[in-house]
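If you count the sequence shown from 1, you need to add 580 to reach my numbering.
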Amino acid sequence: MPSPHAEVFFDTQTSTFSYVIHRDGNHSCAIIDSVLDYDPKSGRSSTDSADRIIAYVRNNQLQAQWILETHAHADHMSAAAYLQKELGGKIAIGEHIRHVQKVFRDVFNLKEEVTPDGSQFDHLFHDGEKFHIGVMAVTALHVPGHTPADIAYCVEGLGVFIGDTLFMPDVGTARCDFPGGDAHTLFASIQKILALGDETRLYLCHDYPPDHRQQQSCITVQEQRAGNIHVRDGIGADSFAAMREARDATLAMPVLILPAIQVNIRAGRYPEAEDNGVRYLKIPINEL
Ligand SMILES: [Fe+2]
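What follows is the structure, encoded as C-alpha cells:
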C-alpha cells in the first residue's frame, strides 16, 4: 500500500519547518512553507535552504504541483517564487491574504505596487476547500488568529500542517498581536484542530525547543490536549486570551518582519528594480 510521506527541512536561522509532501509511487508533490535565506545585516539573500528542497524534489523525480503557504510569514521570507521558477507548480495561500495585503499595503504605502486582491498567487483557498496532491486528498482549513489568513492543510492519511497555531506543548501557541491577529479567534481555530481526533498528527511550522530537547516537527492532537501549556484541556477561551494578550505585550517584533512581509504579500517576489537595476525594501518609521 503506497504511503504518504512528509520530508522535513529545518531552517536553523528562523526555526522554520518546511515540508515536501508526496506519496510512494506518485510523482506529484507539494512544498509547504519554504524559506528564502536573508541576512538583515547585509540585505543579502541566498537560496541554500530552497536549494536543499529542490535537490530533494529532483533526486526523487518529483514534480511540484503545489507550493503552499500556511500564511504570510513575518519571521522569514518565502522561497515560493524561486521554487516556482525552478520547479513549476502553483503558489497558493488562504483567500483572506487579501485582508493582510490591504493592511500592509497601507503600512508600506505600496498603492501602485500591491493590489490587495490575491492575484499575486495562483490560487486562493477558502475554508473547507478540497484539492489533491497527485492522488492524495487535501482539505484546506481556515484557522485565523495569528493572522486573518492562516490555512491548515489536512492531508489524508498523513496529518495536518497547522502553520502558526499550536507549537510544541512546552512552547504553547502562536502570537496574536500582528495586524488582524486576535487571541479569541486563535483559540477557536485551535479548537477546530483539536477536534480532528486524538490520533491526528500535527505538523508544526516552527519549534523553539528549550535546551533539554531536540526540535520536533510532528505531534499528536492527544499530546497537545494533554500537555500544551496554553491550551490543554480545561483551559477556556477567556483565560487563554488573557494569557496570550499579556504575553504578546512583552514580545519584540520578529527580526525579519519588515523585509519578510513585503516579500511574502507578493507571493515571495521582491519589488521591481528601480532605474539603477537595484531592488529596494522599505522600512516604515514608527508604524509597527
Ligand atoms: Fe507566522
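Cβ coordinates follow ideal geometry from the N, Cα and C atoms, glycine included.
**Study point:** Reduced DSSP secondary structure (H/G/I, E/B, other) of Tyr860
**Key:** coil
Exercise for review: Using a Cβ-Cβ cut-off of 7 Å, state whether Asp619 counts as contacting chain D.
Suggested key: Annotation note: the requested chain D is absent from the structure, which comprises a single protein chain.
Review point. Are Phe767 and Ala817 close, meaning C-beta to C-beta below 7 Å?
Key: yes
Point to revise | Neighbour-count burial assignment, Leu648, 16 or more Cβ in a 10 Å radius | key: buried
Point to revise | Per-residue burial, Tyr788 [other beta carbons within 10 Å of its own, 16 or more giving buried] | key: exposed
Exercise for review: In angstroms with no decimal places, state the Cα-to-Cα distance between Gln641 and Met657.
Suggested key: 26 Å
Check your understanding: Residue range of the alpha helix (DSSP H) that Ser769 falls in?
Key -> 763-774
**Study point:** His679 Cβ short of 6 Å to ligand 1 heavy atom set
**Key:** no
Check your understanding: Given Thr800, which residues of its chain have a CB within under 8 Å of its CB, disregarding the five upstream and five downstream residues?
Key -> Asp778, Glu779, Thr780, Arg781, Leu782
Check your understanding: Does at least one heavy atom of ligand 1 sit under 6 Å from the Cβ of His653?
Key -> yes
Practice item. Whole angstroms is fine: what's the gap from Lys621's alpha carbon to Gly857's? Key: 21 Å
Review point. Gly668: which of Gln771, Thr695, Ala729, Val637 sits nearest, CA to CA?
Key: Val637
Practice item. Would you kindly work out how many angstroms separate the C-alpha atoms of Ser608 and Ile837, rounded to a whole number? Key: 32 Å
Point to revise | Inter-residue Cα distance where the pair is Asp604 and His726 | key: 34 Å
Check your understanding: Pairing CB atoms from the stretch 591-606 with CB atoms from the stretch 617-635, are three or more of them under 8 Å?
Key -> yes
Review point. Buried or exposed: which applies to Val735, given that a residue is buried once 16 or more other Cβ atoms fall within 10 Å of its Cβ?
Key: buried
Review point. From Val740 to Leu690, what does the alpha carbon distance come to, in whole angstroms?
Key: 34 Å
Review point. Can Asp744 be considered in contact with ligand 1, in the sense that its beta carbon sits closer than 6 Å to one or more heavy atoms?
Key: yes
Review point. What's the gap between the Cα of Val600 and the Cα of Met716?
Key: 13 Å
Practice item. Can you say whether Gln771 is buried or exposed, counting buried as having 16 or more other CB atoms within 10 angstroms of its CB? Key: exposed
Check your understanding: Between which two residues does the beta strand (DSSP E) containing Pro834 stretch?
Key -> Note, Pro834: premise wrong, no beta strand (DSSP E); not H, not E.
Exercise for review: Provide the residue span of the beta strand (DSSP E) that contains Ala720, from first to last.
Suggested key: 716-722
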